[in-house]
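S.K.: Here it is, the structure, as structure tokens.
Protein chains: 2
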Amino acid sequence: MNKTLDTRARAILREIIRVHVDTGLPVSSRTLFKSSRFGLSPASIRNIMADLTDGGFLTQPHTSAGRVPTDRAYRFYIDELMRHRKVAFDLREQVDSDLASAGGDITRLFQAASRLLAELAGEVGFVVAPDALHTVLKSLRFLSVAPHKILVVQVNEPDVVISRVLETDVEYSQTELEAASAQLTRDYGGLTLEQVRRKLLEDLAEERAACDRMFERARGLAQRALERHEPEERIYVEGTAQLLDKPEFSDVETLRKVLHSFDEKARLLSLFARYLEAPGTCVVLGSEHAVTEDPRLSAVLTSYRSGETLTGMLGVIGPARREYPRVIPVVELLGRALSDRLEGREAPVSKTDEE
Amino acid sequence: MNKTLDTRARAILREIIRVHVDTGLPVSSRTLFKSSRFGLSPASIRNIMADLTDGGFLTQPHTSAGRVPTDRAYRFYIDELMRHRKVAFDLREQVDSDLASAGGDITRLFQAASRLLAELAGEVGFVVAPDALHTVLKSLRFLSVAPHKILVVQVNEPDVVISRVLETDVEYSQTELEAASAQLTRDYGGLTLEQVRRKLLEDLAEERAACDRMFERARGLAQRALERHEPEERIYVEGTAQLLDKPEFSDVETLRKVLHSFDEKARLLSLFARYLEAPGTCVVLGSEHAVTEDPRLSAVLTSYRSGETLTGMLGVIGPARREYPRVIPVVELLGRALSDRLEGREAPVSKTDEE
DNA sequence: CTTGGCACTCGAGGTCCGAGAGTGCCAGAG
DNA sequence: CTCTGGCACTCTCGGACCTCGAGTGCCAAG
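Chains Z and P are the protein sequences, given in the same order.
Here numbering that gives the first Met the number 0 is used: the first residue of the first sequence is 0, the next is one more, and so on.
Here numbering that gives the first Met the number 0 is used: the first residue of the second sequence is 0, the next is one more, and so on.
Okay, structure coming up:
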């Protein structure tokens with residue numbers, strides 16, 4: 000099929016998308032005639048619409064309804080017709096300050112990001128954390144916080160801090176813990192978490208008797224601290240209620256399926272997986288390789304970086320009918336903002352150390 | 000109105016509730032006649048049902064439908080008719096191990112608890128964290144984790160650990176930080192967070208010039224670390240999608256309102272507030288002082304303890320039509336389990352220190 | 001190539017009706 | 001006095017039917 004539509008056809012297609020995105024309803028030739036001055040009568044517009052329908056860009060829900068853009072039309076629109084809108088400056092500020100308010104806590108950071116996505120785009124927002132396996136461990140510290148509780152502070156490349164409280168049977172002195180911290184950081188720092196885990200297992204098995212009892216215990220603690228997280232903990236979804244406001248999800252049965260599918264984080268994760276590699280921002284429409292299992296859902300997603308090789312993903316999920324020129328920049332803004340935060344670049348928001 | 004129903008009326012009411020909870024549909028005299036052997040004909044059952052209707056225990060959606068229990072009926076059922084079911088032993092184990100997997104992180108603990116509530120009760124689960132104002136600070140520690148990042152570890156009574164990464168302009172040595180930690184813990188340990196905040200402000204204002212520059216900075220850090228959390232961070236809601244499966248919320252408009260209302264955490268919090276004081280487990284039906292703004296929603300809630308004076312709340316929200324004998328014990332189980340965890344009592348799940 | 005006109009199609013919404021489910025009440029039996 | 005079968009009554013649900021209006025497709029004339 001030739002994708003080369005003439006100028007008039009493009010203008011009409013663009014207008015149909017604009018109106019349909021706005022109203023959510025099928026667009027008729029009459030509406031088009033009135034809404035915008037093409038200098039053409041409804042009949043002529045109908046002819047062009049018929050061509051667009053033949054070309055696979057439009058469909059009609061039934062004979063006597065207007066036309067609705069197909070996924071193909073959206074694809075064409077996104078690739079060729081659309082001009083991005085600049086994001087408002089105060090939006091950047093809001094994003095930066097909201098992310099800053101997570102205060103270095105990685106979980107809250109991802110949560111804040113997905114919440115922002117949901118709020119700003121008016122759709123379901125999600126963030127997929129980078130795969131922890133390839134994260135590089137920088138240091139590991141133990142801190143005794145209460146008689147049988149030890150705080151394990153794990154610092155990953157690039158200065159991402161994860162801390163975790165472990166309960167212990169044995170009691171440790173702070174000096175012991177500091178020695179152990181230093182030793183472990185020396186032994187395992189610079190390795191990826193996957194390597195650390197493997198090496199820990201080997202070392203624990205091997206040095207059973209030989210080694211110092213204390214370090215053996217410390218390795219045990221480290222192992223417990225580094226236990227790999229459930230897949231559910233790698234994916235953050237917020238704003239699922241937003242779907243209720245979209246007319247395309249007004250029937251309960253659809254909603255039921257879709258909302259329940261958001262609860263199955265593990266499957267979502269595997270669906271998203273293939274897009275991790277994709278550079279830049281992509282729009283995945285339902286009819287294409289589906290990000291979600293439901294063809295009615297589509298996604299706008301982009302990747303973000305955290306350190307040298309680590310990438311995660313974030314984006315929004317909603318109906319294909321969305322304001323792309325507004326939504327795409329929002330997703331990209333959050334991608335950049337999250338990368339900046341994770342790589343330790345200061346956001347341009349004012350920040351004082353004292354008081 | 001006299002609440003003293005004769006034995007037969009009680010039996011019938013109980014059976015009506017049983018059947019209605021099971022099916023979700025209005026119950027007819029015929030169904031009752033067939034389902035259970037009362038030794039009475041449908042006509043007689045109808046007479047009793049008419050009495051129960053007069054007494055305000057039953058209503059009919061319309062003339063030719065069966066009867067549906069009113070909130071009053073549920074109240075009577077809960078107070079007088081119901082016998083709790085024992086929770087299965089493996090349920091306790093699941094709860095304990097799931098809560099243990101949060102690994103001392105208070106946020107994840109509350110999240111896990113509300114998720115468990117949602118899952119086990121098949122309704123919306125929620126946890127309200129204790130009001131941080133009255134929490135007693137035990138110690139405050141600083142740990143340098145990266146050039147301009149400091150981990151602030153705050154230990155509250157009873158050994159609840161909260162840690163937070165702060166970014167700083169100035170660079171601190173670990174020795175400085177340790178001195179500051181000791182000093183701050185000495186000065187502010189044992190006070191409630193509210194007192195700490197006030198005292199910090201006073202001290203910062205007063206000793207402007209006099210005091211050591213280092214401690215002044217440390218106080219600034221402490222203040223940033225203890226900034227009070229947004230109300231949204233005190234309330235954890237999980238499993239909102241569960242409502243989709245309840246036939247009483249099958250129309251989209253209701254769902255829209257209800258699900259959106261769950262997103263407004265701040266208002267939820269204020270609605271829950273009054274039940275914090277209530278001892279034991281209570282069932283709040285929609286027609287009574289509403290926990291939620293919608294009279295169709297009802298809640299089963301209980302409080303849990305964390306330390307001497309601190310109490311929080313947890314429970315489930317759903318339609319009044321629920322299996323009380325099963326749901327109430329679940330809520331109580333989680334209340335106990337959460338108290339145990341927070342007060343440092345070991346749950347009876349096996350736990351080894353090493354390996 | 002454009003346009004007004006016109007016949008055609010199809011869904012939305014209203015009305016009507018019959019079937020079925022339940023009830024309330026009554027009169028008669030135990 | 002209580003229980004029960006019988007019966008009339010009510011009300012919802014679903015299907016059949018109809019009309020209205022929106023939109024289209026096509027054609028013939030400009």
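All residues carry an ideal CB built from backbone N, CA and C; glycine is no exception.
What you are looking at is a predicted structure, and each value in this text was computed from that prediction instead of being measured.
(1) Between the alpha carbons of Thr351 (chain P) and Glu170 (chain Z), how many angstroms are there, rounded?
(2) Using the C-alpha atoms, what's the distance from Val20 (chain P) back to Arg13 (chain P)?
(3) Taking the C-alpha atoms as reference points, what is the distance between Leu24 (chain Z) and Val67 (chain Z)?
(4) Helix, strand or coil, according to DSSP, for Thr138 (chain P) in the structure here?
(5) Do you know how far the Cα of Leu165 (chain P) is from the Cα of Ala72 (chain P)?
(6) Using a C-beta to C-beta distance shorter than 8 Å, which residues of chain Z count as neighbours of Lys264 (chain P)?
(7) Which chain Z residues sit within Cβ distance under 7 Å of Ala145 (chain P)?
(8) Under 8 Å, with one C-beta from each stretch per pair, do the segment 123 to 133 of chain Z and the segment 302 to 317 of chain Z reach the 3-pair mark?
(9) What runs of the alpha helix (DSSP H), each 4 residues or longer, lie entirely inside the segment 154 to 194 of chain Z?
(10) Taking Cβ positions only, does Arg140 (chain Z) come closer than 8 Å to chain P?
(11) Is Val164 (chain Z) close to chain P, meaning its C-beta is less than 8 Å from at least one C-beta of that chain?
(12) Check whether chain P comes within 8 Å of Ala120 (chain Z), counting only Cβ atoms and requiring the distance to be less than that.
(13) Could you tell me the alpha carbon to alpha carbon distance between Gln110 (chain Z) and Ala42 (chain P), rounded to whole angstroms?
(14) Does the segment 287 to 301 of chain Z come into contact with the segment 264 to 278 of chain Z, if we say contact requires no fewer than three beta-carbon pairs (one atom in each stretch) closer than 8 Å?
(15) What residue does the alpha helix (DSSP H) around Tyr73 (chain Z) start on, and which one ends it?
(16) The alpha helix (DSSP H) that contains Arg107 (chain Z), what's its start and end?
(17) Taking Cβ to Cβ, would you say Ile327 (chain P) is nearer than 8 Å to His83 (chain P)?
(18) Helix, strand or coil: which one does DSSP assign to Gly314 (chain Z)?
(19) Determine, using beta-carbon pairs with one atom in the segment 273 to 283 of chain Z and one in the segment 242 to 257 of chain Z, whether at least three such pairs fall under 8 Å.
(20) In three-state DSSP terms, what is Thr308 (chain Z)?
(21) Closer than 8 Å by beta-carbon distance: list the chain Z residues that pair up with His133 (chain P), in chain order.
(22) Short of 8 Å in beta carbon distance, which residues of its chain neighbour Tyr76 (chain Z), apart from the five on each side in sequence? Order them along the chain.
(23) Taking the alpha-carbon of Asp339 (chain Z) as reference, which of Z:Arg325, Z:Arg304, Z:Thr308, Z:Leu309 has the nearest alpha-carbon?
(24) Can you find a CB in chain P that lies within less than 8 Å of the CB of Ser249 (chain Z)?
(25) Tell me the rounded alpha-carbon separation between Arg74 (chain Z) and Thr52 (chain Z).
(26) DSSP on Ser338 (chain P), reduced to helix/strand/coil?
(27) Taking a Cβ distance cut-off of 8 Å, strictly less, list which residues of the segment 178 to 205 of chain P are near chain Z, in chain order.
(28) Does the beta carbon of Glu354 (chain Z) sit closer than 8 Å to a beta carbon anywhere in chain P?
(29) Run through the segment 34 to 71 of chain Z for me and flag every whole alpha helix (DSSP H) of 4 or more residues, listed as ranges in chain order.
(30) According to DSSP, is Thr301 (chain Z) part of a helix, a strand, or is it coil?
(31) Identify, in the order they occur along the chain, each residue of the same chain with its Cβ nearer than 8 Å to the Cβ of Gly334 (chain P), setting aside the five sequence neighbours on each side.
(32) Look up Gly219 (chain P) in the DSSP assignment and say whether it is helix, strand or coil.
(33) If you measure between the beta carbons of Arg9 (chain P) and Leu80 (chain P), is that distance less than 8 Å?
(34) To the nearest angstrom, how far is the alpha carbon of Leu296 (chain P) from that of Glu175 (chain Z)?
(35) Taking Ile105 (chain Z) as the reference, which of Z:Phe37, Z:Gly238, Z:Gly311 has the closest Cα?
(36) At least one CB of chain Z closer than 8 Å to the CB of Asp97 (chain P): is that the case?
M.R.: The short version:
(1) Residue mapping note: residue 351 (chain P) aligns to position 352 of the second sequence, counting from 1. Residue mapping note: residue 170 (chain Z) aligns to position 171 of the first sequence, counting from 1. Here the model assigns Thr351 (chain P) a pLDDT of 37, short of 50, so the residue's position is not dependable and the matter cannot be decided.
(2) Against the second sequence, residue 13 (chain P) aligns to sequence position 14. Against the second sequence, residue 20 (chain P) aligns to sequence position 21. Each residue's alpha carbon lies about 10 Å from the other.
(3) In the first sequence, residue 24 (chain Z) corresponds to position 25, counting from 1. In the first sequence, residue 67 (chain Z) corresponds to position 68, counting from 1. Distance between the alpha carbons of Leu24 (chain Z) and Val67 (chain Z): 8 Å.
(4) Here residue 138 (chain P) is taken as the residue at index 139 of the second sequence, counted from 1. Reading off the sequence shown, one finds Ser at residue 138 (chain P), where the question assumed Thr. Residue state, collapsed to three classes: strand.
(5) Indexing the second sequence from 1 puts residue 72 (chain P) at position 73. Indexing the second sequence from 1 puts residue 165 (chain P) at position 166. Each residue's alpha carbon lies about 54 Å from the other.
(6) Position 265 of the second sequence holds residue 264 (chain P). Chain Z residues near Lys264 (chain P): none, gap ~11 Å exceeds 8 Å.
(7) Counted from its first residue, the second sequence places residue 145 (chain P) at position 146. Simply Val154, Asp158.
(8) yes
(9) 173 to 187
(10) Here the question's residue 140 (chain Z) lines up with position 141 in the first sequence. Yes, Arg140 (chain Z) lies at the interface with chain P (some Cβ there is under 8 Å from its Cβ).
(11) Along the first sequence, one-based indexing puts residue 164 (chain Z) at 165. So, interface residue.
(12) Counting from 1 along the first sequence, the entry for residue 120 (chain Z) is found at position 121. Judged by the 8 Å Cβ criterion, Ala120 (chain Z) is not in contact with chain P.
(13) For the purposes of this step, residue 110 (chain Z) is identified with residue 111 of the first sequence, where counting begins at 1. For the purposes of this step, residue 42 (chain P) is identified with residue 43 of the second sequence, where counting begins at 1. Roughly 59 Å separates the two Cα atoms.
(14) yes
(15) Numbered from its first residue, the first sequence carries residue 73 (chain Z) at position 74. Looking at the DSSP string, the run of the alpha helix (DSSP H) that includes Tyr73 (chain Z) is 70 to 75.
(16) Taking the first sequence and counting its residues from 1, the one referred to as residue 107 (chain Z) is at position 108. That run of the alpha helix (DSSP H) goes 105 to 120.
(17) In the second sequence, the residue the question calls residue 327 (chain P) occupies position 328. In the second sequence, the residue the question calls residue 83 (chain P) occupies position 84. A contact, by the Cβ cut-off of 8 Å.
(18) Sequence index remark: in the first sequence, residue 314 (chain Z) carries index 315 (1-based). Strand.
(19) no
(20) The count along the first sequence starts at 1 and reaches residue 308 (chain Z) at position 309. In the structure shown, Thr308 (chain Z) sits in coil (DSSP, three-state: anything other than H, G, I, E or B).
(21) Walking along the second sequence from the start, residue 133 (chain P) turns up at place 134. None at all; the shortest Cβ gap to chain Z is about 20 Å.
(22) As a working note, residue 76 (chain Z) is residue 77 in the first sequence. The answer, listed in chain order, is Leu12, Arg13, Ile16, Pro68, Tyr323.
(23) Reading the first sequence from its first residue, position 340 is the one you call residue 339 (chain Z). For Asp339 (chain Z), the nearest C-alpha among the options comes from Z:Arg304.
(24) Start at 1 with the first residue of the first sequence, and residue 249 (chain Z) comes out as number 250. Closer than 8 Å to some Cβ of chain P, the Cβ of Ser249 (chain Z) qualifies, so yes.
(25) If you number the first sequence from 1, residue 74 (chain Z) lands on position 75. If you number the first sequence from 1, residue 52 (chain Z) lands on position 53. In a straight line, the C-alpha of Arg74 (chain Z) is about 15 Å away from that of Thr52 (chain Z).
(26) Taking the second sequence and counting its residues from 1, the one referred to as residue 338 (chain P) is at position 339. Of the three classes helix, strand and coil, the one that applies to Ser338 (chain P) here is helix, per DSSP.
(27) Leu203
(28) For this step, residue 354 (chain Z) is matched to residue 355 along the first sequence. Any reading at Glu354 (chain Z) must be qualified, since the residue scores a pLDDT of 32, below 50, and its modelled position is unreliable; the value itself is stated next. Closer than 8 Å: yes.
(29) 41 to 53
(30) The residue given as residue 301 (chain Z) occupies position 302 in the first sequence. Of the three classes helix, strand and coil, the one that applies to Thr301 (chain Z) here is strand, per DSSP.
(31) Taking the first residue of the second sequence as position 1, residue 334 (chain P) is located at position 335. Closer than 8 Å at the Cβ level, and outside the excluded window around Gly334 (chain P), lie Thr280, Thr301, Ser302, Tyr303, Leu313.
(32) Here residue 219 (chain P) refers to the residue found at position 220 when the second sequence is read from its first residue. If DSSP states are grouped into helix, strand and coil, Gly219 (chain P) belongs with the helices.
(33) Start at 1 with the first residue of the second sequence, and residue 9 (chain P) comes out as number 10. Start at 1 with the first residue of the second sequence, and residue 80 (chain P) comes out as number 81. In this structure, Leu80 (chain P) lies closer than 8 Å to Arg9 (chain P) by Cβ.
(34) Taking the first residue of the second sequence as position 1, residue 296 (chain P) is located at position 297. Taking the first residue of the first sequence as position 1, residue 175 (chain Z) is located at position 176. Approximately 54 Å between the Cα atoms of the pair.
(35) What you label residue 105 (chain Z) is simply residue 106 of the first sequence in a count that begins at 1. Checking every option, the nearest Cα to that of Ile105 (chain Z) belongs to Z:Gly311.
(36) As a position in the second sequence, residue 97 (chain P) is number 98, starting the count at 1. No, Asp97 (chain P) does not count as interfacial toward chain Z.
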